[in-house]
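Scroll down for the structure; my scribbles are underneath it.
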Amino acid sequence: MKTASQYVTELLNFIDNSPSPWHVTDSVKKQLSANNFQQLKEKNSWGLQKNRGYYIIRDDSSIIAFMTGNKPLSETGYKIIGAHTDSPGLRVKPKAAHYEGGLLRLGVEVYGGPILATFSDRDLSLAGRISYKNDKGLIKTQLVDFKKPVLRLPNLAIHLNRKVNEEGLKFHKQNELPLILSCANKQLPEQYFYKLLGQLSGLESKQILSWELNVYDTQKGSFWGVEQEFYTNSQLDNLASCHAGLTALLDKKIQYPDATLVCAFFDHEEIGSESCKGADGSLLTDVLTRIAFSLGNNHENYLRALAQSFMISVDMAHAYQPNFPTAYEPNHKVMINQGLVIKTNANHRYSSESISEAMFINWCQQENVPYQYYSHRTDIPCGSTIGPMTSAKLGIRSIDVGNPMWAMHSIRESAGVDDHLHLIKVLQRFFDNS
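Quick note on the working numbering: the sequence shown kicks off at 502 and runs consecutively.
Right, here's the structure in full:
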């Protein structure tokens with residue numbers, strides 16, 4: 502097995518090459534294709550075979566990969582790892598370009614719940630997808646990435662904001678978040694921006710009809726700490742989980758599994774998952790149903806398979822930060838590099854329950870991997886994951902786990918090197934425990 506640092510190096514490269522949910526899915530697709538997984542189209546008939554790898558993509562930013570099992574599905578069920586491809590941040594508005602004070606700015610909309618202050622004074626860029634009309638009159642999409650710093654959100658000098666250190670850095674979402682793109686240009690701002698997208702994509706600007714563009718930090722991921730025991734990057738929530746799940750699925754030791762193995766990576770988790778490609782939509786149900794029927798199962802056998810299935814919902818967890826001790830439940834302080842986190846909540850904001858916890862602990866013990874419990878402070882509202890909604894839709898047992906991290910939803914997040922290896926090992930055990 503590779504070392505923890507080697508896996509984290511791969512993770513940082515994965516994130517650096519995936520500046521938007523659409524790029525995340527493309528990065529996953531490339532790894533799957535390199536490992537002989539076959540792409541399926543939802544509009545086509547599926548002819549699945551045992552012990553083969555497949556994947557489907559819905560709307561460019563959600564992807565489900567699976568490996569069909571050796572034994573009948575009704576006897577083994579599905580083993581599912583769930584995670585999400587999106588991260589909180591800023592998205593460009595449809596008519597974004599405008600002049601103000603001799604500068605060309607881009608209007609943005611807040612996506613999810615980012616820490617807005619962390620976007621200031623960073624080297625920002627744009628990446629995402631554009632929709633265009635090709636020479637045959639068909640609507641197509643194309644990934645785009647400026648790659649270099651093209652945007653900035655300059656902070657206000659302390660001389661003009663004397664209370665910033667006492668009251669915190671705050672941005673008015675409508676008035677103070679537009680990003681500076683360039684000095685004034687004689688062209689109309691909207692035409693100028695279309696021209697930039699055309700140059701970037703190799704298309705005529707008149708072909709471009711619409712876009713979805715994500716603002717991202719161009720600084721690469723890195724190790725830090727005296728012993729390089731930590732790592733930092735954007736989008737650790739939740740690309741670290743996607744990378745760990747994909748690594749487990751592509752483990753060379755798992756070539757002929759008994760059960761059907763599934764990695765489901767959804768877009769739109771950060772905004773509630775209610776979309777055609779989100780975890781609260783039909784995507785996973787559609788795929789699991791079609792797997793069962795394509796392998797010759799009837800509806801009863803499909804339901805029998807679900808009754809024996811298990812899902813690990815993998816999302817990052819809040820690590821204890823000693824500068825802010827009152828933010829944490831005193832008896833549930835999660836420490837970085839001290840093991841995986843089992844997330845529990847009495848109101849079922851997480852899908853964990855005693856039996857699924859016991860099963861997961863058993864896999865941890867088999868791999869000699871440490872684990873910790875996280876419980877939110879009772880007087881602070883608890884977030885949620887794709888775990889409860891997916892478990893409810895499918896009627897399958899599930900658990901919510903993740904790796905501890907600092908500064909969740911910052912543009913620059915941090916986590917522990919050892920923990921990423923811990924997660925990969927347990928997910929491999931889960932898939933290989935057929």
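All C-beta atoms in this analysis are idealised placements derived from N, C-alpha and C, irrespective of residue type, glycine included. All values derive from a computational prediction rather than experimental measurement.
Pop quiz: Lys778 and Ser562 are said to be a contact at Cβ under 8 Å. What is the actual Cβ separation, rounded to whole angstroms? As a first step, residue 778 must be located in the sequence shown, where it is residue number 277. As a first step, residue 562 must be located in the sequence shown, where it is residue number 61. About 7 Å separates the two Cβ atoms, so the contact holds.
Just tell me which of Ile792, Phe767, Asp738, Pro905 has its CA closest to the CA of His819. Locating residue 819 in the sequence shown gives position 318, where the first residue counts as 1. Here the closest residue by C-alpha is Pro905.
Look at Ser683 and Lys696 and say whether their C-beta atoms are less than 8 Å apart. For the purposes of this step, residue 683 is taken as residue 182 along the sequence shown, with counting starting at 1. For the purposes of this step, residue 696 is taken as residue 195 along the sequence shown, with counting starting at 1. No; because the gap between Cβ atoms is not below 8 Å, this pair is not in contact.
Identify whether Glu914 lies in helix, strand or coil by the three-state DSSP scheme. In the sequence shown, the residue the question calls residue 914 occupies position 413. Glu914: strand per DSSP, three-state reduction.
Taking Cβ to Cβ, would you say Ala685 is nearer than 8 Å to Tyr600? Working through the sequence shown from its first residue, we reach residue 685 at position 184. Working through the sequence shown from its first residue, we reach residue 600 at position 99. Against a cut-off of 8 Å, the Cβ pair of Tyr600 and Ala685 comes out as a contact.
Reference Gln809; option with closest CA among Phe647, Glu830, Cys743, Pro573: For this step, residue 809 is matched to residue 308 along the sequence shown. Residue Pro573 is the option with its Cα nearest to Gln809.
Counting along the chain, where does the beta strand (DSSP E) carrying Asn666 start and finish? If you number the sequence shown from 1, residue 666 lands on position 165. Counting along the chain, Asn666 falls outside any beta strand (DSSP E), though it belongs to the alpha helix (DSSP H) covering 665-668.
Own chain, CB closer than 8 Å to Leu625, minus 5 neighbours either side, in chain order: Here residue 625 refers to the residue found at position 124 of the sequence shown. Hits under 8 Å: Pro650, Val651, Leu652, Arg653, Leu654, Leu680, Val716, Tyr717, Asp718, Thr719.
Counting Cβ pairs, one atom from each stretch, are 3 or more of them under 8 Å apart for the region 841-849 and the region 738-745? Result no; under three Cβ-Cβ pairs closer than 8 Å.
Under DSSP, the beta strand (DSSP E) around Cys743 begins and ends at which residues? Along the sequence shown, one-based indexing puts residue 743 at 242. Not the beta strand (DSSP E): Cys743 falls in the alpha helix (DSSP H), residues 737-750.
For a quick check, are the C-beta atoms of Ile887 and Ser776 less than 8 Å apart? Residue numbering aside, residue 887 sits at position 386 when the sequence shown is read from its first letter. Residue numbering aside, residue 776 sits at position 275 when the sequence shown is read from its first letter. No, the Cβ-Cβ distance between Ile887 and Ser776 is not below 8 Å.
Distance, Ser855 Cα to Val593 Cα: Counting from 1 along the sequence shown, the entry for residue 593 is found at position 92. Counting from 1 along the sequence shown, the entry for residue 855 is found at position 354. C-alpha separation (whole angstroms): 43 Å.
Which class does Cys764 belong to by DSSP, given the choice of helix, strand or coil? Here the question's residue 764 lines up with position 263 in the sequence shown. Of the three classes helix, strand and coil, the one that applies to Cys764 here is strand, per DSSP.
Helix, strand or coil: how does DSSP classify Glu713 here? In the sequence shown, counting from the first residue as 1, residue 713 sits at position 212. Glu713 falls in the strand class under three-state DSSP.
Rounded to whole angstroms, what's the CA-CA distance from Pro831 to Asn676? Just pull it up for me. By one-based count along the sequence shown, residue 831 stands at place 330. By one-based count along the sequence shown, residue 676 stands at place 175. Taking the straight line joining both Cα atoms gives about 39 Å.
Per-residue burial, Ala505 [other beta carbons within 10 Å of its own, 16 or more giving buried]: Here residue 505 corresponds to residue number 4 of the sequence shown, with the count starting at 1. Burial call: buried.
What are the residues that DSSP puts in a beta bridge with Pro905? For this step, residue 905 is matched to residue 404 along the sequence shown. Per DSSP, Ala818.
Which first and last residues belong to the beta strand (DSSP E) in which Tyr851 is found? As a working note, residue 851 is residue 350 in the sequence shown. Premise fails: Tyr851 is in no beta strand (DSSP E) and is neither H nor E.
Between Ile925 and Tyr556, is the Cβ-Cβ spacing less than 8 Å? Taking the sequence shown and counting its residues from 1, the one referred to as residue 925 is at position 424. Taking the sequence shown and counting its residues from 1, the one referred to as residue 556 is at position 55. No, these two residues do not count as a Cβ contact at 8 Å.
Kindly provide the ranges of any alpha helix (DSSP H) runs that are 4 or more residues long and lie completely inside the region 552-583, ordered along the chain. Complete alpha helix (DSSP H) runs here, min 4: 574-577.
If you follow the beta strand (DSSP E) that Asp646 is part of, which residue opens it and which one closes it? Residue mapping note: residue 646 aligns to position 145 of the sequence shown, counting from 1. Element bounds for Asp646: 640-646.
Decide if Gln540 is buried, meaning its Cβ has at least 16 other Cβ atoms within 10 Å, or exposed. Along the sequence shown, read from residue 1 onward, the residue named residue 540 stands at position 39. When all chains shown are included, Gln540 counts as exposed.
Bridge partners - Asn734, DSSP secondary structure assignment: In the sequence shown, residue 734 corresponds to position 233, counting from 1. The partner list for Asn734 (beta bridge, DSSP) reads Glu914.
Among Ile912, Lys674, Leu689, which one has its Cα closest to the Cα of Ala598? Numbered from its first residue, the sequence shown carries residue 598 at position 97. Taking only the C-alpha atoms, the option nearest Ala598 is Leu689.
Which of the three DSSP states, helix, strand or coil, is assigned to Pro679? Residue mapping note: residue 679 aligns to position 178 of the sequence shown, counting from 1. If DSSP states are grouped into helix, strand and coil, Pro679 belongs with coil.
What does a CB cutoff of less than 6 Å around Thr748 pick up in its chain, not counting 5 residues either side in sequence? In the sequence shown, the residue the question calls residue 748 occupies position 247. Ile925.
Using only the alpha-carbon positions, how far apart do Leu785 and Lys687 sit? Along the sequence shown, one-based indexing puts residue 785 at 284. Along the sequence shown, one-based indexing puts residue 687 at 186. Rounded to the nearest whole angstrom, the CA to CA distance from Leu785 to Lys687 is 49 Å.
At what residue ranges does the region 581-633 contain a whole run of the beta strand (DSSP E), taking only runs of 3 or more? 590-601, 604-612
Identity of the residues DSSP links to Ile813 by a beta bridge: Locating residue 813 in the sequence shown gives position 312, counting from the first residue. Answer is Ile582, Ile900.
Is the separation between the beta-carbon of Asp901 and that of Asp816 shorter than 8 Å? Here residue 901 corresponds to residue number 400 of the sequence shown, with the count starting at 1. Here residue 816 corresponds to residue number 315 of the sequence shown, with the count starting at 1. Yes, the Cβ-Cβ distance between Asp901 and Asp816 is below 8 Å.
Output the distance between the C-alpha atoms of Tyr732 and Leu796, rounded to the nearest integer angstrom. Numbered from its first residue, the sequence shown carries residue 732 at position 231. Numbered from its first residue, the sequence shown carries residue 796 at position 295. C-alpha separation (whole angstroms): 43 Å.
In terms of DSSP beta bridges, what is Lys696 paired with? Locating residue 696 in the sequence shown gives position 195, counting from the first residue. DSSP, once it has assigned bridges, lists no residue as partnering Lys696.
Three-way DSSP call (helix, strand, coil) for Ser723 in this model: Residue 723 sits at position 222 when you count from the first residue of the sequence shown. DSSP places Ser723 in strand when its eight states are reduced to three.
Could you check whether Ile558 and Ala765 sit closer than 8 Å to each other, using their CB atoms as the reference points? Reading the sequence shown from its first residue, position 264 is the one you call residue 765. Reading the sequence shown from its first residue, position 57 is the one you call residue 558. No, they are not a contact pair.
Do the CB positions of Ile631 and Ser702 come within less than 8 Å of each other? As a position in the sequence shown, residue 631 is number 130, starting the count at 1. As a position in the sequence shown, residue 702 is number 201, starting the count at 1. Ser702 sits close to Ile631, with the two beta carbons spaced by under 8 Å.
Using the three-state DSSP reduction, which class does Val651 fall into: helix, strand or coil? Numbered from its first residue, the sequence shown carries residue 651 at position 150. DSSP places Val651 outside both helix and strand once states are collapsed to three, so it counts as coil.
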